[in-house]
Structures are given as structure tokens and as C-alpha cells.
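Inspection log for the structure reproduced underneath, given as C-alpha cells.
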Amino acid sequence: MPTAPPTQRTTVIVGKESTGKSELAAALTDRSPTSTNVQGSTIACETYQTRDNAFIDTPGILFRSDTTTTRTALAQLQAHDRILLVVKATHMDNDLADLLPLVVGKQGVIVVTFWDKVMASEFTQQVVNRWEQATHVRFIPVDARQLNSEQRQQILEALQTPASFPQRWQPIPAGWHIEPPPTWLEHPRWGWMLAILLLLLPAVIAVWIANGVAGMLDPFIQAGLDPLITVLSQTPSLLREILIGRYGLVTMGPLLFVWAVPTVILYALFLGAYKASGLVERITVALHPILRPFGLSGRDLVRVIMGFGCNVPAVISTRACSSCSRQTCVSAIAFGSACSYQFGATLGVFSAANLPGLVVPYLGYLTLTTLVYTRLVAPKAARSVHNTLMIEQRTFLEMPRWSAIWRETQGTLHQFFTNAIPIFIVITVIASMLDWLGLITLLAGWVNPLMGLFGLPPEAALPVILASIRKDGLLLFAEPDTLALLTPLQVLTGVYLAGVLLPCLVTALTIAREQSVRFAVGLMARQAIAAIGFSMLLAWGGNWL
960 MPTAPPTQRT TVIVGKESTG KSELAAALTD RSPTSTNVQG STIACETYQT RDNAFIDTPG
1020 ILFRSDTTTT RTALAQLQAH DRILLVVKAT HMDNDLADLL PLVVGKQGVI VVTFWDKVMA
1080 SEFTQQVVNR WEQATHVRFI PVDARQLNSE QRQQILEALQ TPASFPQRWQ PIPAGWHIEP
1140 PPTWLEHPRW GWMLAILLLL LPAVIAVWIA NGVAGMLDPF IQAGLDPLIT VLSQTPSLLR
1200 EILIGRYGLV TMGPLLFVWA VPTVILYALF LGAYKASGLV ERITVALHPI LRPFGLSGRD
1260 LVRVIMGFGC NVPAVISTRA CSSCSRQTCV SAIAFGSACS YQFGATLGVF SAANLPGLVV
1320 PYLGYLTLTT LVYTRLVAPK AARSVHNTLM IEQRTFLEMP RWSAIWRETQ GTLHQFFTNA
1380 IPIFIVITVI ASMLDWLGLI TLLAGWVNPL MGLFGLPPEA ALPVILASIR KDGLLLFAEP
1440 DTLALLTPLQ VLTGVYLAGV LLPCLVTALT IAREQSVRFA VGLMARQAIA AIGFSMLLAW
1500 GGNWL
């Protein structure tokens, strides 16, 4: 008779944020980890498997928090009995005191990461030996980023015969508490200014480089599509409209891949370097005091900035936000995160109008109005002075490794192609059908008179409406006949109104899936009201000035 395959053992990896859980799971299974050196980078449970073992990598447990990710980690902890408890060598006493009560009655092993930050000596080894003798649980000190084969084997063997975590145990204090040295970002007066500069720099550089590359590729791609367009022009009218109409798949698809994808890739690379180095967390701490009055935390701001690459992964990553600020963070992303598609189209309009300098007042006004908007929609609890930043310890800065940067890029691209692209295709088909039926032109006719409220000509209605469906609709402002009718202030007002009036449908559907349809509808209504008010202020205030 054939031998039955061995039963696969399931182990849940539990610990606080940024303790190296993902790196450890990957090293134990010879796989690439799916998150990086940033607080809350693991936003869902990931399973790493071998023939004999399955390791469930959980999001970091954030004490005094009600984040979705913390609840997810605790649920996995309750559902399984075999635990690999991960604690930081630099904060051993705090981590053991906080985490051991959570695993009472379970079986497992304790892995001490960041051991490279502790000076190895006879004393430190004696401390580990005392812990093992007092608990009868195996303690294995490692550097999770560079786990060697011997340490890997020690962990796997210890998990084959795990010990029970004791019911009662007073941890013997290690006596050390190691914090990384401060940087200029911790300066009390101008650290926040440096943090803002570091956050904006990747977006500006990524868009500038990507637009330059796209500008060179676009003519060749369009020329290569000409034969295909000629063939498709012979298809039935509705199919022709869906494929090569004004909003068709073949017509608009290259715009997405030529203009948006390079920006997404470059921005993900920059953000990956920030995350892998630990710089994002330092920026988070530096900006938290000035963001709290607006109902956001430094952790939330990282998600808003992610939206400049793509709103979809940014909205999904808000699972690591506190429940009292998550909806505010989602609102800020929908309103003020000019995704790569929107930002690229915005720069394209400004360039076509020979007004590239408009990007400075555009970003300034977008930032200002986003802060005002979030202040208005944020619940009182999120703005409270008692709403402290939920980060356990200061993150160590390190030179980012290419493998970690590339992992971050892969994760962003995966979410972009699996979440944004399918919805993009559906929206393209719907927009093409509406245009074929004449409904978009009819709607524009109804909205034409309202453009006067913003000091805009009737011709601005169509790009505003289309940009509310898909942000590339902004490019209709770049048509020569339209630009000829617009002053610089009208260009700025039209682009701002079209960009923030409503989140694109891809973002709106993602918000509905992450929160609820009711919340998404309410968010869109609030955003439209705020956008109208801010746009009128820009138009009439700019004229007065």
C-alpha cells in the first residue's frame, strides 16, 4: 500500500509590528516575504507552506488598538494551538510582558529577532538560559533578515516538539532597552518640514521620469495600433465604440499602460526603499503632531501618500489604521491622493497649455483643501489630543536591500493589476456604451449651465463629467479647441474640480468593498459638496486676487 503523506503542521507566527515575522516565515519556507520594514505593512494573514509545515504570518499586534489587522491576528491566535512567538531583542522586557499572557495554554517556541542589535556576550546568553529554565520554552535568538541554516533547523526542530507556554511566569528582566539613535527627523522645530519634503520627493520624481518615458513611447505605440484600429473600424457600431470609440479599450488602454504603469512602478520603487529602510516610520512620527488636529495620524498619512501611486492599494492598506481614523483616512485618499493616472493627466494638461508651473499652486491648493476637508469629516475622537500615535518603538534605520524594494513593487503592481485593471475594463465598456447612446453628451448638456458657477465655459462640462468616472477624462482639457477658451486660472480650476469632484469608479468600488456601499455613497456626496465649494472659492477668489 502507498504510504500516506505526512500531516501538515500549522503554526501561527505572532508578534508586534516590525519584529521580522514575515522575514522569518519566508526564511523558514524558502519563500520571499510579502511585506517590509514598516509598521503595519502586513495587512492580511499570509500562509507560507512546505511539505510538512504551514506558517500563518499574521499582522503585527498593536496594543491599545482596534485596527482590523490586530483583530485579524488575535483571531488566528485563538484558532490555533501551535504558536511561534516573535519578540524583539531590543525591547525584550516589554514584548514578553505584553505577549506572553496572550499565548497562555498554547504550545510553541519563542524566537528573539534583532539579536544583532544586542552585543553578544556571556551575560546575554545567561539571560536567555534563565528564560528557558524558568519557562521550559525554547528561546532562539536570531537575525530574521539573515537567518542561517543552523538557526532555521533549530526553529523547525523545536516546533516538532513544542513546549506549553506557562500559566504563570514573571519574566526575569533582561535589563536592557535599546533604541535606535535619533535623526534630523526628530528635530522639534524643523523635523516635520524635512518629513514633508521626503514624502513629496518620490511622487514628483516618479511622475517626472515616468512622463518623460511615456512621452517617448506613446507615439510609437499609437503608430503601432493604427493597423489594428483600421481593422476594428469595420466592426458593428456598438462593438466598434467599445473597442475604438472615444473611451474604447484600444483607445484608452495604451494611455493607462503608457502613462500610469511607469508612474506606479517608479513610485512603488521609491516607497519600497522608504519602507525597507525604516524611513517611513520616522516620517510618520515626525508628522503626527501636526496631523492630529485634522483627524489623521502619521500612520494614516503614509496610506494617503501611497495613493499617489494607486488609490486601490492605498485604500486596502487602511486596514492597519485605527477604526476611529480609518474612514477619515479613506476620505483623504479619495479626495486628495492624485493617483498616477490623475497626476499624469494633470501634468499633461498643464504642459499642453504651456503652463507647467501650475503644478505648484495645484499641489499646494490640493494639500490645503484636503486638510480642511478631513478636518470637517473627521470624528471628534480622531482629533482628540489623547489620540496618541500607535507605534510601539522607534524603527531602526538600515540600508534597504533590493530584494525588499522589489517585493514592495511586486505587491503594489499585483494589487494594481488584480484590483484596478479589471474594474478599469468594466468602466471602459460602460463609458463607451453610454457615449454610444449619447447619454454622456446629454448629461454634459445638462451640466453646461452650471459651469458658470466656477467661471468655466460650457465646454468644460464634458471633461469634468468623464473625470468623475475615470481620471484620464482630464485629458479632454488638453484639446486645443478647449484650451483656447481657458485662462490659466480656468485651467487650474477646471483640473482641480475634475480631479476632486468624485473619486473615480475604481476607487469608489474599492471603498464600497472595504467599508460598505452606504459609506461609499455618503463619502461621494460629502466629497462632491466640498469639491464644489473649494472650486468656487478658487475660481472667484483667484479672480479677486
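Position in the sequence shown (from 1) plus 959 gives the number in the working numbering.
No residue lacks a Cβ here, since even glycine has one placed at the ideal position from N, Cα and C.
Spell out the partners DSSP gives residue i in its beta bridges.
i     : result
F1098 : I1069
S1123 : Q1066
Q1008 : A1013
T969  : A1013
I1020 : K975
Just reading off the beta strand (DSSP E) that residue i is part of, what are its end residues?
i     : result
L1202 : Careful: L1202 lies outside any beta strand (DSSP E), inside the alpha helix (DSSP H) at 1196-1203.
F1229 : Looking at the DSSP string, F1229 is not in any beta strand (DSSP E); the run it does join, the alpha helix (DSSP H), is 1220-1236.
K1047 : 1041-1047
A1013 : 1012-1016
Ignore the nearest five residues each way along the sequence and tell me which others in residue i's own chain have a CB closer than 6 Å to its CB.
i     : result
L1348 : The predicted model places L1348 with a pLDDT of 49, which falls under 50 and marks its position as unreliable; any figure quoted below should be read in that light. Hits under 6 Å: H1247, S1256, G1257.
L1330 : F1253
G1492 : none
M1410 : P1417, A1419, A1420
I1384 : none
D1052 : P1132, A1133
What residues in its chain sit with their C-beta under 7 Å from that of residue i, if we drop five residues either side in the sequence?
i     : result
L1444 : P1416, E1418
P1320 : L1451
R1285 : T1277
T1368 : I1224, A1227, L1228, G1231
I1188 : I1203, V1209
Q967  : D1011, N1012, A1013
P1447 : L1314, L1317
P1221 : A1169, V1172, A1173
R1485 : V1336
Starting from residue i, follow the alpha helix (DSSP H) in both directions and report where the run begins and ends.
i     : result
F1376 : Looking at the DSSP string, F1376 is not in any alpha helix (DSSP H), and its letter there is neither H nor E.
R1472 : 1464-1473
Q1329 : Residue identity differs from the one stated: residue 1329 is Thr in this sequence, not Gln. Looking at the DSSP string, the run of the alpha helix (DSSP H) that includes T1329 is 1318-1336.
E976  : Run containing E976: none; DSSP gives neither H nor E here.
P1272 : 1270-1276
T1400 : 1398-1406
G1266 : Run containing G1266: none; DSSP gives neither H nor E here.
D1054 : 1051-1058
R1485 : 1476-1503
L983  : 980-988
In chain order, what residues of the same chain lie with their CB nearer than 8 Å to the CB of residue i, ignoring the 5 residues before and after it?
i     : result
M1358 : S1236
T1142 : R1241, L1356
G1067 : T970, R1041, I1042, L1043, L1044, V1096, L1118, P1121, A1122, F1124
I1514 : The shown model of the chain, from 960 to 1504, leaves out residue 1514, and the question about it has no answer.
L1184 : V1209, P1213
A1390 : Y1206, I1399, L1425, I1428, R1429
W1405 : none
A1291 : L1255, D1259, V1263, T1329, Y1332, T1333
I1155 : L1246
L1250 : S1256, G1257, D1259, L1260
T1305 : A1297, V1318, Y1321, L1433, V1454, G1458
Checklist entry - Between the stretch 1185-1199 and the stretch 1246-1263, do three or more beta carbon pairs fall short of 8 Å? => result They do not touch, by the three-pair rule.
| query | Are the stretch 1284-1304 and the stretch 1449-1466 in contact at 8 Å, needing three or more beta carbon pairs? | reply | Contact check between the stretch 1284-1304 and the stretch 1449-1466: three or more CB pairs, one atom from each, fall below 8 Å, which counts as touching.
_Just to confirm the assignment: which complete alpha helix (DSSP H) runs, minimum length 4, are found wholly within the stretch 1426-1450?_
1439-1442
### Message
Using a Cβ distance threshold of 8 Å, determine whether the stretch 1088-1108 contacts the stretch 1141-1154, with at least three qualifying pairs required.
### Response
The stretch 1141-1154 and the stretch 1088-1108 do not touch, with fewer than three beta-carbon pairs separated by less than 8 Å.
Worksheet item: Taking three-plus beta-carbon pairs below 8 Å as touching, is the stretch 1220-1240 in contact with the stretch 1154-1163?
Response: yes
So, do the stretch 1107-1116 and the stretch 1078-1086 have three or more beta carbon pairs nearer to each other than 8 Å? no
Next on the checklist: Runs of 4 residues minimum, wholly inside the stretch 1135-1171: which ones carry the alpha helix (DSSP H) assignment?
Outcome noted: none
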